[in-house]
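Protein chains in written order, with my numbering: chain F, 996 to 1110; chain L, 83 to 194.
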């Protein structure tokens, strides 16, 4: 079984520039999550999708962050414009069903550095 | 105060030692408890998954949940250098299924 695939692995941008991250979840997993992990901290949920519907985006800073999951498979997370404080690892995860507490399967993340 | 507090570490032990990793939490609605292992520059991977109180054993790993004390533990027996990683506890509630709350992790180093 192929795992969760994320790209790029690393991204360095200047502040005020846009950036996008891509995620391909495990086949058959209906639920997709974007987490942000700051250095020395645990992951924090940004947004959760059930199929193509965003069911929890309460922690997503909507003034600069946006996400989409077209056709309920791949997902893209965008930041525009980026700020210095956005430097972190952005993790994508998927699970069979979010509503039944299925365990999360994480990708290896995109490490973003904003200079 | 965070909902989930994890012993910060770092923790360094000799090979073969028994390791105890711990988390406390404040939300009594948490019912599902997970331990993830995260190697450097990798994503977290699920180690143990338990529901409500009790013990669960899987090879060298044992997860304990004490809901009365709001305290969970992960024990690693006969620790190996390959166990060197950051260990994250996580938990979810029945009322907000799909939203895992993580601790900040404990970094473990097992020295040969």
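We treat Cβ as the ideally placed atom computed from N, Cα and C, and that holds for glycine.
Interface residue (Cβ-Cβ distance to chain L less than 9 Å): residue 1024 of chain F is not classified as such. Separation of residue 1110 of chain F and residue 1076 of chain F (C-alpha to C-alpha, rounded to the nearest whole angstrom) is 12 Å. Taking the Cα positions, residue 87 of chain L is about 6 Å away from residue 107 of chain L. Pairing residue 1041 of chain F with residue 1055 of chain F gives a Cβ-Cβ distance under 9 Å.
At a C-beta separation below 7 Å, residue 1035 of chain F has these neighbours in chain L: 186. Taking a 10 Å sphere around the C-beta of residue 1023 of chain F, we find fewer than 16 other C-beta atoms and assign the residue as exposed. Contact between the segment 1048-1062 of chain F and the segment 99-119 of chain L is absent, with fewer than three C-beta pairs closer than 8 Å.
Excluding the 5 residues flanking it on each side, residue 1083 of chain F has same chain C-beta neighbours closer than 7 Å at 1031, 1032, 1033, 1107, in chain order. Here the alpha carbons of residue 1101 of chain F and residue 1091 of chain F stand approximately 13 Å from one another.
In the three-state reduction of the DSSP assignment, residue 1051 of chain F falls in the strand class. For residue 1002 of chain F, no Cβ of chain L is located within less than 9 Å of the residue's own Cβ.
By the criterion of a C-beta distance shorter than 6 Å, residue 1071 of chain F is surrounded in its chain by 1015, 1017, 1063, once the five residues flanking it on both sides are discounted.
Within the segment 1087-1107 of chain F, the residues whose Cβ lies closer than 9 Å to any Cβ of chain L are, in chain order, 1087, 1088, 1090, 1092, 1093, 1094, 1095, 1096, 1097, 1098, 1099, 1100, 1101, 1102, 1103, 1104, 1106. For the pair residue 104 of chain L and residue 85 of chain L, the CB atoms are not nearer than the 9 Å cut-off. A direct Cα-Cα distance of roughly 8 Å separates residue 121 of chain L from residue 166 of chain L. For residue 175 of chain L and residue 181 of chain L, the gap between their C-alpha atoms comes out near 8 Å.
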